[in-house]
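Structure, as structure tokens:
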Amino acid sequence: MDHRQRAVYLTFDDGPIPEATPFILDTLDRFGIKATFFMVGDNARKYPHLLEEVRRHGHRIGNHTFNHIGGFKWWSWKYLKNAEQANELLHTDLFRPPHGWMKPSQYERLRRHYRIIMWDLVTRDYSKWMTPEGIVENVKKYARNGSIITFHDSLKSIEKLKSALPESIEWLKEQGYEFKVFE
């Protein structure tokens, strides 16, 4: 990531799910944008057609563990096995830890096989207290050159994303941002 370049990376965590992923794909297609989807392996198992649809649309896939588990709550060997189980379906070299944290030992092991991608802007679209307008305001307030912006393709966020995602993209485009995916 080059912070001198006027570009951002849109990412979507927790999917794929039929209630959210198709809308997100349609929105990204409408704007001609590619993004990275950090998928929960169990969701990919349940909805393999959505995993393939995301790939078919040319988006990047990342591993978000099989059961969306937090690293501090699990023995390292179980956490690593959970990530490995997800990757049997996802076949990716990108990893994002759920909740953004894991033990140093987990990090050291995972970084041998994955590029670990965090974020600098979480839209908080999953929060029951967040409004669609608040999501857009978060994007406007915190987006910077090289920002990794995290949305969620989840039941908690989809109703808000129906207006917040297109509005956020429109604003980012108006500001001259290019949309990138991880190489």
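Every number in our numbering is 413 more than the matching position in the sequence shown, counting from 1. Just so you know, even glycine gets a beta-carbon here, dropped at the ideal spot from N, CA and C. Keep in mind that this is a model prediction, so the values were computed, not measured.
Alpha carbons only, please: which of the options is nearest the one belonging to residue i?
i: His462; options: Gly513, Pro431, Asp426; result: Pro431
i: Ile562; options: Asn476, Ala448, Trp490, Ala457; result: Ala448
i: Pro517; options: Glu580, Thr424, Trp490; result: Trp490
i: Asp442; options: Arg468, Gln519, Asp426, Val453; result: Arg468
i: Gly484; options: Glu466, Lys494, Gln519; result: Gln519
i: Asn480; options: Tyr422, Leu502, Tyr590, His470; result: Leu502
i: Leu507; options: Tyr492, Arg522, Leu493, His526; result: His526
i: Glu572; options: Leu534, Ser540, Arg524; result: Ser540
i: Ile482; options: Asp427, Glu466, Ile446; result: Asp427
i: Gly536; options: Ala420, Phe425, Gly589; result: According to the sequence displayed, residue 536 carries Thr and not Gly. Of the candidates Ala420, Phe425, Gly589, the one whose C-alpha sits nearest the C-alpha of Thr536 is Phe425.
i: Val421; options: Ser560, Glu521, His512, Ser576; result: Ser560
i: Arg592; options: Arg417, Ser581, Pro429, Ile446; result: Note on identity: in this sequence residue 592 is Phe, with Arg being the wrong assignment. The shortest C-alpha separation from Phe592 is found at Ile446.
At the level of alpha carbons, what is the spacing between residue i and residue j?
i: Glu497; j: Thr478; result: 8 Å
i: Ala457; j: Asp439; result: 19 Å
i: Asp455; j: Ala499; result: 7 Å
i: Arg473; j: Phe451; result: 9 Å
i: Leu574; j: Val549; result: 10 Å
i: Glu596; j: Trp532; result: 16 Å
i: Met515; j: Leu578; result: 29 Å
i: Phe564; j: Ile437; result: 10 Å
i: Pro545; j: Phe444; result: 19 Å
i: Ile603; j: Asn476; result: Within the shown structure, residues of the chain are numbered from 414 to 596, placing residue 603 beyond reach of any answer.
i: Gly547; j: Leu534; result: 13 Å
i: Glu465; j: Gly589; result: 31 Å
i: His543; j: His512; result: The residue you asked about is not His; residue 543 is Met in the sequence shown. Distance between the alpha carbons of Met543 and His512: 18 Å.
According to DSSP, what are the bridge partners of residue i?
i: Leu422; result: Reading the sequence as shown, one finds Tyr at residue 422 and not Leu. Partner(s): Ile561, Lys593.
i: Val535; result: Thr563
i: Thr449; result: Thr424, Arg473
Checklist entry - Three or more beta-carbon pairs under 8 Å between the segment 546 to 556 and the segment 576 to 586, yes or no? => result yes
Checklist entry - Can you give, in chain order, each stretch of the beta strand (DSSP E) that sits fully within the segment 537 to 586 and has at least 3 residues? => result 561 to 565
Item to check | the segment 417 to 433 / the segment 563 to 577 touching (three or more Cβ pairs under 8 Å) | outcome: Here the segment 417 to 433 lies against the segment 563 to 577, with 3 or more beta-carbon pairs under 8 Å apart.
Next on the checklist: What ranges does the alpha helix (DSSP H) occupy inside the segment 467 to 528, keeping only unbroken runs of at least 4 residues that lie completely in it?
Outcome noted: DSSP runs (the alpha helix (DSSP H)) wholly in the segment 467 to 528: 489 to 503, 517 to 523.
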